[in-house]
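Encoded as structure tokens, the structure appears first; notes follow it.
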Amino acid sequence: MTAVFVYTDDMLHKLFHKLNTGVLIALTAVSYLALAFVVYFIFREALPLFSQVSVWDFLTGTRWMPVDYGSGTAFGIFNFIAASVIVSLLAMIFASVLGLGAAVFLSCAASEKIRRVIYPFIDLLAGVPSVIYGFIGIVVLLKIFLKVGVHTGSCVLAASILLSVMLLPFLVSSCSETMLKMKEHYLPGARAMGVDYWYSVATIVLPSSFKNILLTMMLAIGRAMGETMAVMMVIGNANLFPTLLGKSETIASVIALEMGTAVADSPHYHALYAAGLVLMLLVFLINTGIAFLRNRLIRKEA
Amino acid sequence: MIRSRLVKIWAYASFILIAAIVVFLFAFVFIKGAGTISWTFLTDIPRGAVLGSEGGILPAIAGSFLFTATAAVLGGIPAITSALYMVFFCKSKNMGVLFKSLIQCIAGIPSIVLGLFAYSFLVKDLGLGRCVLSGGTALAVMILPFIEVRAEKAFSEMKEQVIHSSYALGCSKTYTIFKLVLPSCRGELVSAIILGCCYAMGATAPLIFTGGVAFSAVPDSLAKPAMALPLHLYLLIAQGTTSLPTAYGTAFVMMAILLISNMAATLYAARVRKK
């Protein structure tokens, strides 16, 4: 490594540079191939199911009887899809109320010094493993729900509250960044004209950050849907249509709970991959929607 | 005026509430778990009539580190080379946009789906069985975009002047990268890898059916299954109240590892920046 730092015709040095570049490009290719591999394997294991069950029945059916105990099998994941979507949506709404407020605080009320102290703590919160959230959810949150009178305490509301805390770090850091930019862009002018500080925050900074906030909130839904452990531990896991205080089960929790007992290459196994495929496609769909919206919004501004 | 006052109250109230949540999370786990932590807890294997209700968590700690190390090597290296490629080698703008959206797609894959992938590819097709390597690969794909995004940010924030000066002096691209770019970005890179490792260490979903088990000895090979802290915690909770003290202890250890490595990452990045 050390010898090659002046221009030289030495073939060896050129070869060395080429070799390094080659290795680097090969390793880069690995990371992009990873996506192709994941998508290929999920599709390959999911598709055999659809020779038995139609896609429509799979997506809209509400009966989930993966193993035949005499009454036949049924593969309908409608309730699971509904639970994934509703829990994530609720979590996003709860998280936005707190997250946006905190973002306003960090961008407009806190000084640069305070911000520099707070950000590492937000990173820390982002690093708390989901199983710890699930644990605290069980020993604290579910106890409260039980006292209020919810049977066993597990419910959709508990899951979405827990999930909303997990979304907070992402929402706060990304929204406060946007608001900070808008504040630096617009506030000096408003202040020069004698507008009250908090009035200009409410009427200028917030509305001008709206588009970016919306995109961040959509991204948060995508993240929430993939979350497995914390939700699974407090949602009760029963194949029911999600209601606020009722039990339900998300796509991710079905996979996590049943994959261990599914016999390889059985219809049950393929159905779980198909459920995974649906989950993955849902998240991709949301992300594509965001990319599309972002392009349109930015083009409009330019 | 009412509107502005409301916004102000909202901002302060939500910030205080979030700060309270952070303090509560850590205080709760540390206070409840402190009673369980002892030298035996950290160095013994799980014991008890209901396995794990007594004894320690040494195999889970060792297993978690092994899973994480596997993920860091398999995911960290391609992540950093991809970031280098994006910043220094990729000249076509369209390719850049394509690669960026590919990385975002990988980041969007739910971790449980990565577990499914590792199961069908590594456990079943390649015949590796449930082992550290299979689970570690799922974790590697999970932390790859996490590290890539941070590394790319660090590289693209380097002053262009420095890099162009290096080229002007006749240094090759590889030489510039190894002697100039990597050393000056090492603070951000190391902290990105540490945070990525924390992320991998806390993940349960990809391990459930690819390499994590309820009980094993301290792992000595990548080809064997191993215990992992988050999975152990999950199983302890699932066993009900008999294992609650050891569950608190396990949560304590996980949060302590998270706290220490986060602090190390922040301090290291700050120290390098000062220099």
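Chains as they are written, first to last, in the working numbering: chain G, 1416 to 1717; chain L, 2 to 276. Backbone N, C-alpha and C fix where the C-beta goes; we use that ideal spot for every residue, glycine too. Since the structure is predicted, the reported quantities are computational estimates derived from the model, not experimental observations.
Residues of chain L with a Cβ closer than 7 Å to the Cβ of G:G1568 do not exist, since the nearest Cβ in that chain sits about 14 Å away. In the structure shown, G:G1651 falls within a strand segment according to DSSP collapsed to helix, strand and coil.
Under the three-state reduction of DSSP output, L:G188 falls in the helix class. At a cut-off of 4 residues, the continuous stretches assigned as alpha helix (DSSP H) that sit fully inside the stretch 91 to 168 of chain L are 94 to 109, 112 to 119 and 133 to 157. Here G:M1644 has S1545, V1546 and G1549 as same chain residues with Cβ atoms under 6 Å from its own Cβ, once five neighbours each way along the sequence are excluded. With a contact defined as Cβ atoms closer than 8 Å, L:A141 and L:G76 qualify at about 3 Å. In the displayed model, G:E1592 falls within a helix according to three-state DSSP. Shown here, L:M2 sits in coil according to DSSP, grouped into three states, outside any helix or strand.
Residue pairing by DSSP places L:A227 opposite L:G213 in a beta bridge. G:T1436 and G:L1539 have their alpha carbons spaced roughly 36 Å apart. Cα atoms of G:V1470 and G:T1488: separation of roughly 15 Å, rounded to the nearest angstrom.
Scanning its chain for C-beta atoms nearer than 7 Å, with the 5 sequence neighbours on each side dropped, one finds around L:L67 the residues V133, P220 and A227, in chain order. Beta-bridge pairing by DSSP links G:S1663 to G:G1651. Closer than 7 Å to the CB of L:R4 there is at least one CB belonging to chain G.
Straight-line spacing of the CA atoms in G:D1483 and L:T37 works out to 45 Å. With its beta carbon at least 7 Å from every one in chain G, L:P226 lies outside the interface. Beyond the five residues adjoining it in sequence on each side, G:S1615 comes within less than 8 Å, by CB distance, of Y1601, L1602, A1605 and R1606 in the same chain, given in chain order. Excluding sequence positions up to five before and after G:V1565, its CB lies within less than 7 Å of the CB of L1660, all in the same chain and listed in chain order. Counting other Cβ atoms within 10 Å of its Cβ, G:M1647 reaches 16 or more and is therefore classed as buried. DSSP places G:P1535 within a helical segment (H, G or I) once states are collapsed to three.
Residue-level contact check: G:E1460 touches chain L, since one or more beta carbons of chain L fall below 7 Å from its beta carbon. Taking every protein chain shown into account, the CB of L:K9 has 16 or more other CB atoms within 10 angstroms, so this residue is buried. Assigned with DSSP and collapsed to three states, L:G56 falls in strand. Among the residues of chain L, those whose CB is under 8 Å from the CB of G:W1613 are S5, R6, V8 and K9, following chain order. With fewer than 16 other beta carbons inside 10 angstroms of its own, G:G1609 counts as exposed. Linking L:L260 to G:G1491 through their CA atoms gives a straight-line distance of about 43 Å.
A distance below 8 Å between beta-carbons, with the five flanking residues on each side excluded, links L:I144 to the following residues of its chain, in chain order: A72, A73, G76, G77, A80, G197, C198, Y200 and A201. Within chain L, no residue has its beta carbon less than 8 Å from that of G:A1607; the closest one is some 18 Å off. Here the stretch 1686 to 1694 of chain G lies against the stretch 1659 to 1674 of chain G, with 3 or more beta-carbon pairs under 8 Å apart. Here the C-alpha atom of L:K125 lies approximately 11 Å from the C-alpha atom of L:F210.
One alpha carbon belongs to L:F31, the other to L:F253, and they sit about 6 Å apart. Annotation: G:L1595 to G:I1553 spans about 37 Å, alpha carbon to alpha carbon. With 16 or more other CB atoms across the displayed protein chains lying within 10 angstroms of its CB, G:P1657 is buried.
G:L1474 is the residue among G:A1524, G:S1486, G:L1474 and G:A1639 whose C-alpha sits nearest the C-alpha of G:V1693.
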